[in-house]
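Everything in the sequence shown is counted per our numbering, starting at 17 for the first residue and increasing by one.
Where is the CB? At the ideal position from N, CA and C, for every residue including glycine.
Given the structure is predicted, the values throughout are model-derived calculations rather than measurements.
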Amino acid sequence: MNQDNVAILWDAENIQPMLAPTMASTIVEFARSHGHVSVQVAFADWTRRNLRRADTLLSRESFQLIHVPSSVKNSSDISMVTHAIETLFLYPHISTYVLVTGDSDFRPLLLAIRRRGARSIVICDAKSANEELLALSDIYTDYRDLFNEDTSDSTQPRVSKPQPAQARKRAFEQLAEAVSLMKQDHKRTSLGAVKIRVKLLNENFDEGELGFPTWKSFVMAARDAGFVQVTERDSDLYLDVPDPGPGITPDIPEPFATLRKVVEELGGGKDGRPVPFSTINNVLISRKCDYQTYGFSRFKKLAEAAEKRGVIELSNEGLEWFARLPS
């Protein structure tokens, strides 16, 4: 049995506890899979409207709540870093730190954790997470990927593996997509940063399973196939995508383009009402949009992957989920 001691430090303003109905319990359960949870602390200005009821939810999961007034810039970040440094020295038996944030301000904290010989795990939101922060962690994951569905259900569709050539082509497309999204957000598209982004967007991505011994060899194969461009500067490799032409916006890849179109047609536009998952899924089925061929066993997995990319926004009322276009 794993006897490691674990601390959870949650930046509740960066990753809001109300994003999913079982968010807090799922994160605690994930932390328990890495050892005995000794410390659970959440930091935020609990008077904020978007955090209403979050304090009650976290208290039920035995989190210590630290109130940080938002009148001071980056006050929540400073408080969390200070508390974590104190924990490092006061409780040396804690060997694993689970940080729930994607904020680049926590890079010094990850360095401090590493120097103390402890392990760091970052739970983030792929839409906004900082790649340089994640590069310093031992493990990182998007919070959506923690919500594992019941695989014991015999009715769950089986996802067939594509042929090797098709799998490689799809992986090259995923690489180009990640580079394009990072360029849109004005992020550095270095070799290492793009690797992090690709693996955040695609939960089960593994270049080794595609026959590539290293990440660099995979990228070079994608370059040779014309999906990305690679240049060397400042002793590092940087990726770009071929210019689609003046005034042309890169296409949203499938099946996300079809999903976005269906949500908009059903009234889930920027100013519309959120559309139930069941309604969207029925339309996709009627249009023979087989998202299982893209590796998504269920519609919810497709919707979560689309939200990571900023294609749609998800919300829930209890256990019922909805989607709409980003506002």
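Taking Arg289 as the centre and dropping the five residues before and after it, the same chain places the C-beta of Gly283, Arg340 closer than 8 Å to its C-beta, in chain order.
Relative to the Cα of Ala60, the nearest Cα in the group Ala47, Asp93, Thr295, His99 belongs to Asp93.
Leaving aside the five residues that flank Met96 on each side, the residues in its chain whose CB is nearer than 7 Å to its CB run, in chain order, Leu25, Asp27, Phe59. Inclusion of Ser78 and Val84 in the CB contact set at 7 Å is not warranted, their separation being larger than that value.
For His99, the uninterrupted alpha helix (DSSP H) segment begins and ends at 91-106.
Per DSSP, the continuous beta strand (DSSP E) segment holding Trp337 begins and ends at 336-340.
When Cβ pairs closer than 8 Å are counted between the two stretches, the region 290-302 is seen to touch the region 330-340, the count reaching three or more.
Here Ile212 carries a helix assignment [DSSP, helix/strand/coil]. Closest in C-alpha terms to Leu115, from the list Ile328, Leu106, Arg135, Ala187, comes Arg135. Counting only runs of at least 3 residues, the region 128-202 fully encloses the following beta strand (DSSP E) elements, listed from N- to C-terminal order: 135-140, 155-158. Residue environment: Thr230 is assigned as exposed (fewer than 16 neighbouring CB atoms within 10 Å of its CB, all protein chains considered). For the region 25-90, the full-length alpha helix (DSSP H) segments reaching 4 residues or more read 39-48, 70-76 along the chain. The way I'd put it, the region 119-126 does touch the region 147-154; three or more beta-carbon pairs between them come closer than 8 Å.
Around Gly51, the same chain offers Asn18, Gln19, Asp20, Asn21, Val22, Ser111, Thr112 as residues with beta carbons nearer than 8 Å, after the five sequence neighbours per side are excluded.
For Leu300, the enclosing alpha helix (DSSP H) starts and ends at 293-302.
Straight through space, the alpha carbons of Tyr107 and Gly311 are spaced by roughly 43 Å. Rounded to the nearest angstrom, the Cβ distance from Ala142 to Leu216 is 4 Å, consistent with a contact under 8 Å. Bounds of any beta strand (DSSP E) do not take in Asp20, whose DSSP letter is neither H nor E.
According to the DSSP assignment, Val235 belongs to the alpha helix (DSSP H) that extends over 231-240.
If you ignore the 5 residues before and after Ser331, its C-beta comes within less than 7 Å of the C-beta of Pro290, Phe338, all in its own chain and listed in chain order. If you compare the alpha carbons of Glu193, Arg204, Phe188 with that of Arg249, the shortest gap goes to Arg204.
According to DSSP, Leu115 shares a beta bridge with Leu25, Val138.
Gly118 and Ile139 have their C-alpha atoms roughly 7 Å apart. By the Cβ-count criterion, Asp158 is buried, with 16 or more other Cβ atoms from all chains shown falling within 10 Å of its own Cβ. In the three-state reduction of the DSSP assignment, Glu270 falls in the coil class, being assigned neither a helical nor a strand state. Bridge partners of Leu330 according to DSSP: Ala339.
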